[in-house]
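Quick note, the sequences are listed as chains A and B, same order.
Our numbering numbers the first residue of the first sequence as 98 and each following residue consecutively.
Our numbering numbers the first residue of the second sequence as 98 and each following residue consecutively.
For glycine and all other residues, C-beta sits at the position ideal for the given N, C-alpha and C.
Keep in mind it's a predicted model, so treat the numbers as computed, not measured.
There are 2 protein chains.
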Amino acid sequence: MTRPTIRDVAAAAGVSKGTVSFVLNGRPGVAEDTKRRILDAARELGWTPSHQARALSTSRAFAVGLVLAREPELLGADPFFPAFIAGVERTLSDRGQALVLQVVPEDEEEAGYRRLAGSKRVDGVFLLDLRVGDTRIALLEELGLPAVTIARPDVPSGFPAVLVDDRPGIVAAVRHLQELGHRRIAHVGGPAHFLHAAIRKKAWEETGEGPYVEADFSAAGGAQATRELLEGKEPPTAIVYANDLMAIAGMAVAQELGVPVSVTGFDNTELAAYVSPPLTTVRTDPYLWGRKAAEALLGLIEGEHKTDIPVPPAQLVVRGSTAPTGGTER
Amino acid sequence: MTRPTIRDVAAAAGVSKGTVSFVLNGRPGVAEDTKRRILDAARELGWTPSHQARALSTSRAFAVGLVLAREPELLGADPFFPAFIAGVERTLSDRGQALVLQVVPEDEEEAGYRRLAGSKRVDGVFLLDLRVGDTRIALLEELGLPAVTIARPDVPSGFPAVLVDDRPGIVAAVRHLQELGHRRIAHVGGPAHFLHAAIRKKAWEETGEGPYVEADFSAAGGAQATRELLEGKEPPTAIVYANDLMAIAGMAVAQELGVPVSVTGFDNTELAAYVSPPLTTVRTDPYLWGRKAAEALLGLIEGEHKTDIPVPPAQLVVRGSTAPTGGTER
DNA sequence: ACGCGAACCTAAACCGGTTTGATAGACCGC
DNA sequence: GCGGTCTATCAAACCGGTTTAGGTTCGCGT
């Protein structure tokens, strides 16, 4: 028994294919009575339209894409993607859309987008990990592929964006440390070519605080940067990290060196609350971003006008890893 | 300027659509000369076949699916998926296949598979987080959807599987602890209805060691379980955890309670090497599993016979979190 | 009684590939 | 020189939807 097609439904309801199609797409101009007959027939036969056929005639893919250009190991440690993707799915699945993932080595990122666009596999894409002077923006415009980004304030991307402001989180962390009496507060940032790393660094710079070390968001990088800071002359009494992973690795280094130092992270990963001492960090909501981004992207694909979507700013979560100067951290 | 179609290529090469199609699919029976003319024309025009049209006429989706039925928060902390997916992609992208992701709440898992199958969006799926008496096996058979699982020894799944053996890793961890003088070695496992949790537990049981607490693979669960163990009478001197996340959370609890206890994790997450003390754990290779699983799935879809694929067993990575009894853990 | 527009529906073309049955021509042996 | 096979190619049907350009039918105004 093969899958029923629109033809079968049409025959069962005694109408033409065209009419069934009209009903399916909620077009006006079909009598109530006929409409019901068709819907009944469809239910009876268990018919669902073949989205392949639909895709062919409407040249829509009914799917959106996500290109991840990171090394697998780094991906594994990043709490952002799974949550973001879950949020995206939340929106997509309600609307019968699918999410197509491409994971590519960093140097094949462009090819990844070209593949998705060229084979018309997706109707639009998410643009993540925005970089300074990101070449992908031009690429996507060239490809004519609708896109939505996760962007930061003051950096126009040319696409509608979910506007995430990391600054209040960083500022709050620094203020919190200052209130605890810290006067030399360092920052361990992510690669500065990433917009989100750059803006966190900028927010921190504007507080006028101490030394800065650039790392790469990895545990290894965070540990290394911490060692540099603590073994240098005039070590800071507190460190603001650009993510939890580096912060946790940094805490371990400080413990090993026996240097008491307050630390804050960024992301509020699940583990943050369960390390010792529990990590003071900044809570973000990638799940929400995913939902919003997907809504925006679908809207864009439908031809809506592009607008940015603000989301609530990151919030500081105070835990035990920050303590008054001179006090003991553990 | 619209995308060229097969018709354009045919016209340019002075042949019929059919012949172009034959060449494209590498079918025999086309003269060398004609073949070259067609390929030249195709290159000239920059033609790539529309996979939508292809999908319609061959009723193949050229995509495989992955259903993730976990809460977003848990997903974020799990290092398995990103690495697995990266491996999968590695295989897929070479073969022009796409990966369609579905993230659903746990109670909608079945609907997720039905959606993928019903809309013919994918030609096959990966079946992950296999459970004891998994109902999805019957479901997929009912749906007639080819599938590949990540399975454990001795538990036939009915589908070709990447055969992962966690036991040597657990056994090695216990032996290692025993050699260090530990005599009461506890196990904090994952939910027992998961096959991988069950088999780790079983391997540990067969070593004849101490108390067992079931947790849920989360940091919170690991911390809670650890507290129970250490605050009970006859606390263990070592704990074997079923994943790194619980192990790290457990270490923190032990530190807070001031109880010296050796711990081992499972997964070898990036962070494992950078906590204090560095975590002794078991290294697995989900990237490889992803590659193998994708190869198997594509083979299966092509109609090859199903066979299980063994992968190298997990290996113990000894670090500082395991120390001789009576010695200091930090 | 007739013309007209609205409401409803149909037939057929189309999307861009794959696949099948037919055919034209080359080559073969006798 | 003729039937028979083989090769290379073509034309047309098909996949399962959407869309457009007409038809019918009907009620209504005059």
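Integer-rounded CB distance, given that residue j should sit under 8 angstroms from residue i
i	j	result
residue 343 (chain A)	residue 285 (chain A)	6 angstroms
residue 375 (chain A)	residue 418 (chain A)	6 angstroms
residue 413 (chain B)	residue 266 (chain B)	6 angstroms
residue 200 (chain A)	residue 165 (chain A)	5 angstroms
residue 197 (chain A)	residue 196 (chain B)	7 angstroms
residue 243 (chain A)	residue 121 (chain A)	Between residue 121 (chain A) and residue 243 (chain A) the Cβ distance is about 25 angstroms, and since that is not below 8 angstroms, they are no contact.
residue 378 (chain B)	residue 362 (chain B)	4 angstroms
residue 421 (chain A)	residue 278 (chain A)	5 angstroms
residue 263 (chain B)	residue 249 (chain B)	7 angstroms
residue 258 (chain A)	residue 405 (chain A)	5 angstroms
Where residue i sits in the DSSP three-state scheme
i	result
residue 395 (chain A)	helix
residue 230 (chain A)	coil
residue 222 (chain B)	strand
residue 361 (chain A)	strand
residue 304 (chain B)	coil
residue 450 (chain B)	A question about residue 450 (chain B) goes unanswered here, because the residues of chain B that appear run from 98 up to 427.
residue 106 (chain B)	helix
residue 421 (chain A)	coil
residue 117 (chain B)	helix
residue 288 (chain A)	coil
residue 208 (chain A)	helix
residue 277 (chain A)	coil
residue 162 (chain B)	strand
residue 354 (chain A)	helix
residue 242 (chain A)	coil
residue 319 (chain A)	helix
residue 128 (chain B)	coil
residue 372 (chain B)	coil
Beta-ladder partner(s) of residue i, from DSSP
i	result
residue 401 (chain B)	DSSP, once it has assigned bridges, lists no residue as partnering residue 401 (chain B).
residue 412 (chain A)	A:380
residue 336 (chain B)	B:283, B:360
residue 253 (chain B)	Note: residue 253 (chain B) sits in no beta bridge, so no partner.
residue 309 (chain B)	B:284
residue 247 (chain B)	B:259
residue 407 (chain A)	A:260
Any chain A beta carbon closer than 9 angstroms to residue i
i	result
residue 247 (chain B)	no
residue 118 (chain B)	no
residue 449 (chain B)	What is shown of chain B runs 98 to 427, which leaves residue 449 (chain B) out entirely.
residue 312 (chain B)	no
residue 317 (chain B)	yes
residue 187 (chain B)	yes
residue 305 (chain B)	no
residue 345 (chain B)	yes
residue 448 (chain B)	Look at the range of chain B in this structure, 98 to 427, and you will see that residue 448 (chain B) is not part of it.
residue 109 (chain B)	no
residue 268 (chain B)	no
residue 309 (chain B)	no
residue 367 (chain B)	yes
Within-9 angstroms CB hit, residue i to chain B
i	result
residue 210 (chain A)	no
residue 424 (chain A)	Only weak support is given to the placement of residue 424 (chain A): the predicted model assigns it a pLDDT of 47, under 50, and the value that follows is read from those uncertain coordinates. It does not: the Cβ of residue 424 (chain A) has no partner Cβ on chain B nearer than 9 angstroms.
residue 177 (chain A)	yes
residue 193 (chain A)	yes
residue 148 (chain A)	yes
residue 217 (chain A)	yes
residue 338 (chain A)	no
residue 415 (chain A)	no
residue 411 (chain A)	no
residue 362 (chain A)	no
residue 190 (chain A)	yes
residue 207 (chain A)	no
residue 375 (chain A)	yes
residue 232 (chain A)	no
ask   = Three or more C-beta pairs closer than 8 angstroms, one from the segment 142-161 of chain B and one from the segment 202-219 of chain A: is that the case here?
value = yes
ask   = Is it true that the segment 161-176 of chain B meets the segment 173-184 of chain A, where meeting means three or more beta-carbon pairs spaced less than 8 angstroms apart?
value = yes
ask   = Is the segment 364-384 of chain A touching the segment 344-363 of chain B, taking contact as three or more C-beta pairs under 8 angstroms?
value = yes
task = Tell me, please, whether the segment 329-343 of chain B touches the segment 265-283 of chain B by the rule of three or more beta-carbon pairs shorter than 8 angstroms.
result = yes
ask   = So, do the segment 357-367 of chain A and the segment 386-404 of chain B have three or more beta carbon pairs nearer to each other than 8 angstroms?
value = no
request  = Please confirm if the segment 285-302 of chain A is in contact with the segment 226-236 of chain A, defined as three or more CB-CB distances below 8 angstroms between the two stretches.
outcome  = yes
inquiry  = Using 8 angstroms as the cut-off, can you tell me whether the segment 99-111 of chain B makes contact with the segment 395-402 of chain A, which would need three or more C-beta pairs spanning the two stretches below that distance?
reply    = no
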